[in-house]
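*Asks:* One line per chain: the protein sequences are W and E, in this order. For the first sequence, UniProt numbering assigns the number 1 to the initial residue and increments by one for each residue that follows. For the second sequence, UniProt numbering assigns the number 1 to the initial residue and increments by one for each residue that follows. Heads up, the beta-carbon is just placed ideally off N, CA and C, and yes, glycines get one too. Every value quoted in this text rests on a predicted model; they were computed, and no experiment measured them. Sharing a structure below in structure tokens format, with a few things to ask.
Protein chains: 2
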Amino acid sequence: MILDSETKAVELPEHHGDELRLWLRLLTCTTLIEGEVRSRLRERFDVTLPRFDLMAQLDKVPEGMTLSDVSKRMMVSNGNVTGLVERLVESGHLDRRTSDADRRVQVIRLTKAGRAEFRKMAAEHELWIADVFGDLTPKDVRELMRLLAKTKASAQKSAKARAG
Amino acid sequence: MILDSETKAVELPEHHGDELRLWLRLLTCTTLIEGEVRSRLRERFDVTLPRFDLMAQLDKVPEGMTLSDVSKRMMVSNGNVTGLVERLVESGHLDRRTSDADRRVQVIRLTKAGRAEFRKMAAEHELWIADVFGDLTPKDVRELMRLLAKTKASAQKSAKARAG
DNA sequence: GCCAATTACTTGAAACCTAAAGAAATCTGG
DNA sequence: CCAGATTTCTTTAGGTTTCAAGTAATTGGC
């Protein structure tokens, strides 16, 4: 480590190990929690996480959404959504119809049965999550929310700068 | 909202929306960054994220690791590691041999070429990550590290309690 | 020594996921 | 109107991922 002309601590070459460790820790937390939720969904309701996530998106919008909307919100590819929706229509959880206004567009909604099943799962899911974060104080939660919001904004800016 | 006998704010039924929102935000951040890293690895080095992750694990341990070790560290299933390793051995990045002491065990290491390629990728990867977290102050980074450590511990405790 | 339990890994089936190419409908600028 | 660009969705190929079942080697109890 050396001191530059304005007496700030700097390193050559620049060292970014802290950010890397932060990223790995963030990833570990998410993987851990995601795995836990996945296990519980499977053993309790015999449902996969992607299906639960898709139903969660649809539960927020009773009038339904297009496949593109789902794709953007879930941050997964279009082709992925096509298959996921196919299986959930097949199992009776989703209702799917072509838009009258634009025949390219497919609008999907939860069926009555699908909604009922989702609500049941969501109620337990919320308790699992509360338990997972159980050792954090309300202040910790607020502070994490704030820092993750900042992280999200920073990451989006970085992604946008690359894509142009 | 009501006030209980000790004048603490409580809600009935208990409300865990804050934790749920925190989880969704954590997931959003990770998905966002992971997608960015995935894209950059593909376009810059034509390599997938799981392969990069596996090589990163091996780079830390020159003498090599067993498949089980890799499986635990990467938090993925054994079967997954088998296929991943197979393809990386095929492409010449990994060296694989059966342990003399225990013939059930497969020890894998980076080949010279594999290590060289990984180091090249890792150097850029570190810059990408630094850029992604670029808007966070050093204090933000420290604070996030602390809170995520606490989160990890809490989640592990919760998972352990369920599994018994 | 021997048998049962455990451990390490592989295999198989189904699902998930991406990127890229393709098909169909719509929009846009002459 | 109409040809080209764009949007929406599907398809395809190649990987990744899990879970569960299976195989092989080792360990531990007796």
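Could you check which residue in E:L27, E:L58, E:E34 has the C-alpha nearest to that of L49 of chain W?
*Replies:* Answer by Cα proximity: E:L27.
*Asks:* If distances are taken between C-alpha atoms only, which option among W:A161, W:L88, W:H16, W:T151 comes closest to R118 of chain W?
*Replies:* Before going on, a small fix: residue 118 of chain W reads as Phe here, not Arg. Answer by Cα proximity: W:L88.
*Asks:* Just to confirm, is the Cβ distance from S71 of chain W to V81 of chain W under 8 Å?
*Replies:* Cβ atoms of S71 of chain W and V81 of chain W: closer than 8 Å.
*Asks:* Give a yes or no on whether the C-beta atoms belonging to L127 of chain E and H16 of chain W are separated by under 8 Å.
*Replies:* yes
*Asks:* Return the first residue and the last residue of the alpha helix (DSSP H) that R96 of chain E is part of.
*Replies:* Here R96 of chain E belongs to no alpha helix (DSSP H); instead the beta strand (DSSP E) covers 94-98.
*Asks:* Should T30 of chain W be labelled buried (16 or more other beta-carbon atoms within 10 Å of its own) or exposed?
*Replies:* buried
*Asks:* Tell whether a beta-carbon distance below 8 Å holds between L20 of chain W and D59 of chain W.
*Replies:* no
*Asks:* Determine whether the beta carbon atoms of I33 of chain E and A163 of chain W lie at a separation below 8 Å.
*Replies:* No. Outside cutoff.
*Asks:* Under the assumption that L54 of chain W contacts M74 of chain W (Cβ atoms under 8 Å), give the Cβ distance between them as a whole number of angstroms.
*Replies:* 7 Å
*Asks:* Hey, K150 of chain W and D140 of chain E: beta-carbon distance below 8 Å or not?
*Replies:* Remark: C-beta atoms of K150 of chain W and D140 of chain E approach each other more closely than 8 Å.
*Asks:* Would you tell me roughly how many angstroms separate the C-alpha atoms of M145 of chain W and V132 of chain E, rounded to the nearest one?
*Replies:* Spanning the two alpha carbons is a distance of roughly 18 Å.
*Asks:* Determine the chain E residues that contact A149 of chain W at a beta-carbon separation under 8 Å, and present them in chain order.
*Replies:* R25
*Asks:* Give the straight-line distance between the Cα atoms of E36 of chain W and A159 of chain E, rounded to the nearest whole angstrom.
*Replies:* 6 Å
*Asks:* Under 8 Å Cβ to Cβ from A56 of chain W, same chain only, skipping five residues before and after it: list those, please.
*Replies:* F118, A122
*Asks:* In terms of alpha-carbon separation, which member of W:L148, W:L41, W:W23 lies closest to H125 of chain W?
*Replies:* W:L41
*Asks:* Once DSSP output is grouped into helix, strand and coil, what is the label at R104 of chain E?
*Replies:* coil
*Asks:* Strictly below 8 Å CB to CB, what residues from chain E border D69 of chain W?
*Replies:* Result: empty, since nearest Cβ-Cβ is about 16 Å, beyond 8 Å.
*Asks:* Can you tell which of W:T98, W:R115, W:G79, W:G114 has the C-alpha that lies nearest to the C-alpha of V107 of chain W?
*Replies:* W:T98
*Asks:* My assumption, with CB atoms under 8 Å, is that E143 of chain E sits in contact with E143 of chain W. Please give the rounded CB distance.
*Replies:* Indeed, because the Cβ distance is near 7 Å, the residues count as touching under 8 Å.
*Asks:* Looking only at C-alpha atoms, which of E:A153, E:A130, E:L148, E:K152 sits nearest to K157 of chain W?
*Replies:* Closest by alpha carbon: E:A130.
*Asks:* Looking only at C-alpha atoms, which of E:R25, E:K112, E:A116, E:L67 sits nearest to R103 of chain E?
*Replies:* E:L67
*Asks:* So that I know if they touch, is there some Cβ in chain W lying closer than 8 Å to that of E143 of chain E?
*Replies:* yes
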